[in-house]
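Number 125 in numbering that gives the first Met the number 0 belongs to position 126 of the sequence shown; there are no gaps in the numbering. I have placed the structure first, in the form of structure tokens, so that the comments after it can refer back to it.
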Amino acid sequence: MRDFAAERKRMVETQLRRRGISDPRVLAAMESVPRNRFLLDPNDSGAHGDHPISIGSGQTISQPYMVALMTECLHLEGTEHVLEIGTGSGYQAAVLAELSRRVVSVERFAELAERARAVLEDLDYHNVDVFLGDGSLGWPDAAPYDRIIVTAAAPQVAEPWADQLAEGGRLVVPLGDRWGQTLTVVTKRAGELEHARICGCVFVPLVGEHGYAED
Ligand code: SAM
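Structure representation (structure tokens):
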């Protein structure tokens, strides 16, 4: 019988804490959210490995370290209204749900959105809404957002995200071309956007009106 809790604890120690993730709330969320439940095969022996994993529709669940780093960059205190672009498996949404008030997550593939919704419901995450659509347009119906996290590679900060980000809000996004990006934190102050570069990264592309064209 697999001890998933022990695997998560080891993942947090060896992949996150040792690489500098230090926010205790982020570490606790990563230890408690059952990553394996968001995979196509919940018994996947690589569920807690140091890498992304295929989730169908040509998409991936991100490496645990990248999920933790992006979450830490959001500076969540528990009261925030968060928009996630790229629901994928729903795993990042669950981590956000542990750390904020409400999460709106947008996915372009119906198959992924439906599966993520079902898993999140099964795990009793009642503060997450998953919507089907083009997240490069944000999700205006529930704006403004205190935080926005984009989990796909974007060519630029899409105008709708900037508009839907609250004053003083933070946006975390991999900015670059299809093959390589820079994880970037964008802060909105007095209506202006300030950019801070975090590190290099590689994400699947954001496909949509303000993203890339379909292959
Ligand atoms: N956050 C996800 C998780 O925890 O599993 C992983 C995200 S995966 C790296 C990127 C996701 O972005 C894919 O599911 C992809 O379909 C989605 N995506 C790409 N372009 C999109 C768009 N314009 N709107 C919404 N989702 C998009």
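C-beta: ideal position from N, C-alpha, C; glycine also.
**Request:** Taking only the alpha-carbon atoms, compute the straight-line gap between Arg100 and Leu82 and give it to the nearest angstrom.
**Result:** Rounded to the nearest angstrom, the gap between the Cα atoms of Arg100 and Leu82 is 11 Å.
**Prompt:** With C-beta atoms as the reference, is Ala142 less than 8 Å away from Gln163?
**Reply:** Cβ distance < 8 Å, so Ala142 and Gln163 count as in contact.
**Message:** At a cut-off of 7 Å, would you count Leu73 as near the ligand SAM, judging by its Cβ distance to the nearest heavy atom?
**Reply:** The answer is no for Leu73.
**Asked** Residues in its own chain within less than 7 Å of Ala96 by CB, not counting five upstream and five downstream?
**Response** Hits under 7 Å: Val102, Tyr124, Asn126 and Val127.
**Message:** Per DSSP, what are the beta-bridge partners of Gly55 in this structure?
**Reply:** The partner list for Gly55 (beta bridge, DSSP) reads Gln58.
**Prompt:** What did DSSP end up calling Thr78 once you bin it into helix, strand or coil?
**Reply:** Of the three classes helix, strand and coil, the one that applies to Thr78 here is coil, per DSSP.
**Prompt:** Would the beta-carbon of Thr150 be found less than 7 Å away from any heavy atom of the ligand SAM?
**Reply:** It does: the Cβ of Thr150 is within 7 Å (strictly closer) of some heavy atom of the ligand SAM.
**Residue environment, Thr78, which counts as buried when at least 16 other CB atoms sit within 10 Å** = Answer is exposed; the Cβ neighbour count stays below 16.
**Prompt:** What distance in whole Å lies between the Cβ atoms of Gly168 and Leu146, which are believed to be in contact at a cut-off of 8 Å?
**Reply:** Note on residue identity: the sequence assigns Arg, not Leu, to residue 146. At roughly 6 Å, the Cβ-Cβ gap stays under 8 Å, so Arg146 and Gly168 are in contact.
**Message:** Taking 7 Å as the cut-off, is the beta-carbon of Asp133 closer than that to any non-hydrogen atom of the ligand SAM?
**Reply:** Yes.
**Message:** Given the structure, does Tyr90 come close to the ligand SAM, in the sense that its CB is under 7 Å from one of the ligand's heavy atoms?
**Reply:** Yes, Cβ of Tyr90 sits closer than 7 Å to a heavy atom of the ligand SAM.
**Asked** Any idea what DSSP makes of Ala165, helix, strand or coil?
**Response** Ala165 falls in the strand class under three-state DSSP.
**Request:** Counting only the same chain and skipping the five closest in sequence on each side, list residues whose C-beta sits under 7 Å from that of Ser135.
**Result:** Non-local C-beta neighbours of Ser135 in its own chain, meaning closer than 7 Å and more than five positions away in sequence, comprise Ala157, Leu205, Gly207, Glu208, His209 and Gly210, ordered along the chain.
**Item:** Where the beta strand (DSSP E) through Phe130 begins and ends
**Value:** In the DSSP assignment, Phe130 falls within the beta strand (DSSP E) that extends over Val127 to Leu131.
**Message:** So for Glu12, helix, strand or coil by DSSP?
**Reply:** Helix.
**In DSSP terms, what Ser104 is bridged to** = Its beta-bridge partners are Glu83 and Val129.
**Prompt:** Which term fits Asn42, buried or exposed, when burial requires 16 or more other beta carbons within 10 angstroms of its beta carbon?
**Reply:** Counting the other Cβ atoms within 10 Å of the Cβ of Asn42 gives fewer than 16, which makes it exposed.
**Message:** So, with DSSP's three-state summary, where would you put Tyr124?
**Reply:** In the structure shown, Tyr124 adopts coil according to DSSP, grouped into three states.
**Prompt:** Taking Leu73 as the reference, which of Ala161, Val149 and Ser104 has the closest Cα?
**Reply:** The shortest C-alpha separation from Leu73 is found at Val149.
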